[in-house]
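Enquirer: Protein sequences, first through last, are from chains B and C. For the first sequence, my numbering gives the first residue as 66, with consecutive numbering after it. For the second sequence, my numbering gives the first residue as 66, with consecutive numbering after it. Ideal Cβ placement from N, Cα and C applies to all residues, glycine included. Quick one: this structure, given as structure tokens, is what I'll be asking you about.
There are 2 protein chains.
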Amino acid sequence: MDASDLRVFEAVARCGGMSRAAADLNTVQSNVTARIRGLEDELGEPLFRRHSRGVDLTDAGARLLPYAHRIAALLGEAAAAARDDGTPRGALVLGSLETTAALHLSPVLAGYARAFPGVDLTLRTGTTAEMVAAVLARRVEGAFVCGPVAHPDLVGQPVFRERLALLTAPSVHSPEALADRRDLRIVVLRAGCSYRQRLEAILAARGAVGYRMLEFGTLEAIFGAVAAGLGVTLLPRGLIGPVWQDGRVAVHDLPAAEAAVETVFVRRADTRLSSALAAFLERARPERRAAAAE
Amino acid sequence: MDASDLRVFEAVARCGGMSRAAADLNTVQSNVTARIRGLEDELGEPLFRRHSRGVDLTDAGARLLPYAHRIAALLGEAAAAARDDGTPRGALVLGSLETTAALHLSPVLAGYARAFPGVDLTLRTGTTAEMVAAVLARRVEGAFVCGPVAHPDLVGQPVFRERLALLTAPSVHSPEALADRRDLRIVVLRAGCSYRQRLEAILAARGAVGYRMLEFGTLEAIFGAVAAGLGVTLLPRGLIGPVWQDGRVAVHDLPAAEAAVETVFVRRADTRLSSALAAFLERARPERRAAAAE
DNA sequence: CATGATCCATCTCTCTCAGCGATGGGGTGT
DNA sequence: ACACCCCATCGCTGAGAGAGATGGATCATG
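Here it is as structure tokens:
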């Protein structure tokens, strides 16, 4: 048995058919058939049930499939480990919440890109749930998400600690005044945004329920909507300096328990920490950034 | 990069030279050279430093080597998993202390071999330290050893609980009487036997120090030596029925703290529990054996 | 029921590439 | 100086992977 056999096997299992797998692998169907046959002969067990719509896994195939994934991942990691001599190099794909990227990451990204020109840096943004899924699927090496995250396959480390504040129209003088607003809406950056649940809890604790949701793709649009009295939002304090000073929106501090949010960096527990990523995290560490700011 | 490349790489690293690796792999040296070169070209990093006595690993090679091991192990496990349909079959190589094998395992082994004729069962015996090393090196799937065993790569489960007894010549009436015996020796089955340390501690607690050691390969020889007054030994009570009844040796019970010994079954944490092994452990479980004895 | 589409198995042909054997150069110990 | 051991390289050969064509089976559709 060989790793390339397992690659073919995995493609067939994923595509649900030998013809489709052949297209996926840029080869012809007869080849796929032959290699699967060879693998089955070697193992002495059929791996797929053939039927007119394609194939599906037998029990033996289902037992083999997770190994195919693990071995493929391990081979990629082996090559990366051999190439990684401690100086960051190659591709580094990270994920982040959009608010975290805006608030904390831009100077880190800029400095990192300057310091390590050998690294092809990619930053993808999305919600905590999306990013966690991306990390698990190995689409990104790791991600900055809203903590805490507990998953057996992930390891996390706290990176930033922020205080959230409630943003409302200037005419609202306290969060408690929201309870009797019947037309209340919550404004979020994206559907599924991590702060939404927290905002719902905060409003519910003050007797405000039954709100609708507005989703805007940019922070500026959100500020505009809040300033216009369309709704309220919850954002890290660090993000709302200029808008608040302009008096366009009112910023309401919250009790520490409600305001505190921790950004953690998560990555798969079973992957090696690449030099490129290690150097990035080193630059993102709070103490380091404080020192750099002096 | 391919698993067979890594196999060649691993052999070269292990043998310390391409010629030796070629012999080990049943191929010729030019092939090994070519494949290593190919691997190095693909990775863009030299993996070995060539010198007149052979080769040794560069840093990149040293980073790659553990992956070669893991991938090789995983490939073997993948084949075993695919073939393993729940009915025990194939090779099952276990380790055990000799005393445990003699005391507990023979009926289990016999019954298991009868119940699962498809399994090629092998039992290797040795000391706890030897067996733990064998498990870690994957030479055996698991082993019955003297507990407790704490190692990050191993998982253990208690299987048997025994009471040890001190065996002396019939003329010795209590363990305390040994303190003034200047010619005292301890008799063990093998150098490095797990019970030796415990016996030393027991004797030391009674003021007996400065003994010599005798090593005999069989239990009968040990009984003979003890009966002849050559020394003392420590064995599970269950092993010493007939000899004690004959009056050839004196059996001294010990306090529970000193007598209790737990036999645990250990295996690597990162390997799948094969059906063959699962069935064996099921048969070795104390409650099961008690039920079978009724 | 006929037809077309889809999917897998099998066959043949081609050609790459792994493996083999031989040779050569470099270094080491005697 | 010589024998020895090690690795690099070259040409040759054959197994085997890949490409393409064909055929049989099944299913959807009108």
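By the criterion of Cβ-Cβ separation under 7 Å, what are the contact partners of Asp124/C in chain B?
Expert: Stepping through the second sequence from its first residue, residue 124/C is reached at position 59. In chain order: Asp150.
Enquirer: Enumerate in chain order the residues of its own chain whose CB-to-CB distance from Pro153/C is below 6 Å, with the five nearest sequence positions on each side excluded.
Expert: The residue labelled residue 153/C in the question sits at position 88 within the second sequence. Cβ neighbours of Pro153/C beyond the five flanking positions: Phe181, Val184, Ser340, Ala341, Ala344.
Enquirer: So is Ile101/B in contact with chain C if we call contact Cβ pairs under 8 Å?
Expert: Walking along the first sequence from the start, residue 101/B turns up at place 36. Not closer than 8 Å to any Cβ of chain C, the Cβ of Ile101/B fails to qualify, so no.
Enquirer: Can you give me the C-alpha to C-alpha distance between Gly312/C and Pro235/C, rounded to a whole angstrom?
Expert: For the purposes of this step, residue 312/C is taken as residue 247 along the second sequence, with counting starting at 1. For the purposes of this step, residue 235/C is taken as residue 170 along the second sequence, with counting starting at 1. Those two C-alpha atoms are separated by around 7 Å.
Enquirer: Find the nearest neighbour of Glu114/C within the set Val316/C, Met83/C, Ala208/C, Leu232/C, judged by alpha-carbon distance.
Expert: Working through the second sequence from its first residue, we reach residue 114/C at position 49. The sequence given here places Arg at residue 114/C; Glu does not occur at that position. If we check each option's Cα against that of Arg114/C, Met83/C comes out closest.
Enquirer: Check whether the Cβ of Leu186/B lies closer than 8 Å to any Cβ atom in chain C.
Expert: By 1-based counting over the first sequence, the position of residue 186/B is 121. So, not an interface residue.
Enquirer: By Cβ distance below 7 Å, which residues in the same chain neighbour Ala99/B in space, the five residues on each side in sequence not counted?
Expert: Counting from 1 along the first sequence, the entry for residue 99/B is found at position 34. Cβ neighbours of Ala99/B beyond the five flanking positions: none.
Enquirer: Is the separation between the beta-carbon of Leu346/B and that of Val297/B shorter than 8 Å?
Expert: Counting from one through the first sequence, the residue named residue 346/B turns up at place 281. Counting from one through the first sequence, the residue named residue 297/B turns up at place 232. Against a cut-off of 8 Å, the Cβ pair of Val297/B and Leu346/B comes out as no contact.
Enquirer: Given this structure, state the Cα-to-Cα distance separating Ile267/B from Val331/C, to the nearest angstrom.
Expert: Looking up residue 267/B in the first sequence gives position 202. Looking up residue 331/C in the second sequence gives position 266. Cα to Cα, Ile267/B sits roughly 51 Å from Val331/C.
Enquirer: What's the call for Ala293/B, buried or exposed, on a 16-neighbour Cβ count within 10 Å?
Expert: Residue mapping note: residue 293/B aligns to position 228 of the first sequence, counting from 1. Its Cβ having fewer than 16 others within 10 Å, Ala293/B is exposed.
Enquirer: From Leu157/C to Leu186/C, what distance separates their C-alpha atoms?
Expert: The residue you call residue 157/C lines up with position 92 of the second sequence. The residue you call residue 186/C lines up with position 121 of the second sequence. In a straight line, the C-alpha of Leu157/C is about 5 Å away from that of Leu186/C.
Enquirer: Could you tell me whether any Cβ in chain B is nearer than 8 Å to the Cβ of Tyr132/C?
Expert: Locating residue 132/C in the second sequence gives position 67, counting from the first residue. Judged by the 8 Å Cβ criterion, Tyr132/C is in contact with chain B.
Enquirer: Let me check understanding here. Comparing Cα to Cα, which of Gly109/B, His216/B, Ala133/B, Phe209/B lies closest to Phe225/B?
Expert: Looking up residue 225/B in the first sequence gives position 160. Cα-wise, what sits closest to Phe225/B is Phe209/B.
Enquirer: Let me see if you follow: with CB-CB separation under 8 Å, is Ser259/B close to chain C or not?
Expert: Counting from one through the first sequence, the residue named residue 259/B turns up at place 194. Judged by the 8 Å Cβ criterion, Ser259/B is not in contact with chain C.
Enquirer: Enumerate in chain order the residues of its own chain whose CB-to-CB distance from Leu170/B is below 8 Å, with the five nearest sequence positions on each side excluded.
Expert: On the first sequence, residue 170/B is found 105 positions in, with the first residue counted as 1. Excluding sequence neighbours, Leu170/B sits near Ser161, Leu188, Phe209, Ala349.
Enquirer: With 16 as the cutoff for other CB atoms within 10 Å, does Thr193/C come out buried or exposed?
Expert: Against the second sequence, residue 193/C aligns to sequence position 128. Per the 10 Å Cβ criterion, buried.
Enquirer: Taking any Cβ of chain B, which residues in the stretch 105–121 of chain C have a Cβ under 9 Å from it, in chain order?
Expert: Flagged, chain order: Glu107, Leu108, Gly109, Glu110, Leu112.
Enquirer: Tell me, please, whether the CB atom of Ala144/C is closer than 8 Å to any CB atom in chain B?
Expert: In the second sequence, counting from the first residue as 1, residue 144/C sits at position 79. Yes - at least one Cβ of chain B is within 8 Å of the one on Ala144/C.
Enquirer: Taking the C-alpha atoms as reference points, what is the distance between Cys211/C and Arg128/B?
Expert: Counting from one through the second sequence, the residue named residue 211/C turns up at place 146. Counting from one through the first sequence, the residue named residue 128/B turns up at place 63. Taking the straight line joining both Cα atoms gives about 34 Å.
Enquirer: Where does His216/B land, buried or exposed, given buried means 16+ other C-beta within 10 angstroms?
Expert: Numbered from its first residue, the first sequence carries residue 216/B at position 151. By the neighbour-count rule (16 or more Cβ atoms within 10 Å), His216/B is not buried but exposed.
Enquirer: Does the stretch 123–141 of chain C come close enough to the stretch 70–78 of chain C that 3 or more CB-CB pairs lie under 8 Å?
Expert: Counting Cβ pairs under 8 Å, three or more are found: they touch.
Enquirer: Quick one, are the C-beta atoms of Glu280/B and Val253/B less than 8 Å apart?
Expert: Your numbering for residue 280/B matches position 215 in the first sequence. Your numbering for residue 253/B matches position 188 in the first sequence. In contact: Glu280/B and Val253/B (Cβ atoms closer than 8 Å).
Enquirer: Count the other C-beta atoms from every protein chain shown that fall within 10 angstroms of the C-beta of His317/C, then say buried if there are 16 or more, exposed otherwise.
Expert: What you label residue 317/C is simply residue 252 of the second sequence in a count that begins at 1. Buried, because 16 or more other Cβ atoms sit within 10 Å of the Cβ of His317/C.
Enquirer: Who pairs with Thr152/B in a beta bridge, going by DSSP?
Expert: Against the first sequence, residue 152/B aligns to sequence position 87. Partner(s): none; Thr152/B has no beta bridge.
Enquirer: Does any residue of chain B have a CB that is nearer than 8 Å to the CB of Ser69/C?
Expert: Position 4 of the second sequence, counted from the first residue, corresponds to residue 69/C. So, interface residue.
Enquirer: What residues match up with Glu327/B in a beta bridge as DSSP calls it?
Expert: For the purposes of this step, residue 327/B is taken as residue 262 along the first sequence, with counting starting at 1. DSSP lists Arg226/B as partners of Glu327/B.
Enquirer: Look at the Cβ atom of Ile14/C, then the Cβ atom of Met278/C, and state whether they are nearer than 8 Å.
Expert: The structure shown does not extend to residue 14/C, since chain C spans only 66 to 359, so no value can be given for it.
Enquirer: Mark Leu338/C as exposed unless 16 or more other C-beta atoms lie within 10 angstroms of its C-beta, in which case mark it buried.
Expert: If you number the second sequence from 1, residue 338/C lands on position 273. It counts as exposed.
Enquirer: Could you name the residues of chain B that Leu391/C contacts, counting a contact when the two beta carbons are closer than 9 Å?
Expert: Residue 391/C is absent from the structure shown; chain C starts at 66 and stops at 359.
Enquirer: Hey, is Leu129/B's beta-carbon within less than 8 Å of any beta-carbon in chain C?
Expert: The residue labelled residue 129/B in the question sits at position 64 within the first sequence. Closer than 8 Å: yes.
Enquirer: Please report how far the alpha carbon of Leu299/B lies from the alpha carbon of Gln262/B, in whole angstroms.
Expert: On the first sequence, position 234 is the one that residue 299/B refers to. On the first sequence, position 197 is the one that residue 262/B refers to. Going by the C-alpha atoms only, they are around 10 Å apart.
Enquirer: Going by CA-CA distance only, name the one from Val329/C, His116/C, Glu323/C that's closest to Pro409/C.
Expert: Given a span of 66 to 359 for chain C in the structure shown, any question on residue 409/C remains unanswerable.
Enquirer: Based on the DSSP secondary-structure assignment, which residues constitute the bridge partners of Cys258/C?
Expert: Against the second sequence, residue 258/C aligns to sequence position 193. DSSP output for Cys258/C lists no bridge partner at all.
Enquirer: Quick check on Asp149/B: buried or exposed, where buried means 16 or more other Cβ atoms within 10 Å of its Cβ?
Expert: Here the question's residue 149/B lines up with position 84 in the first sequence. It is buried - the Cβ of Asp149/B has at least 16 other Cβ atoms within 10 Å.
Enquirer: Buried or exposed: where does Glu206/C fall if 16 or more other Cβ atoms within 10 Å of its Cβ makes it buried?
Expert: Translated into the one-based positions of the second sequence, residue 206/C becomes position 141. The residue in question, Glu206/C, is buried, as its Cβ has 16 or more Cβ neighbours within 10 Å.
Enquirer: Whose C-alpha, out of Glu265/C, Ala230/C, Leu229/C, is nearest the C-alpha of Ala244/C?
Expert: One-based indexing of the second sequence puts residue 244/C at position 179. Closest by alpha carbon: Glu265/C.
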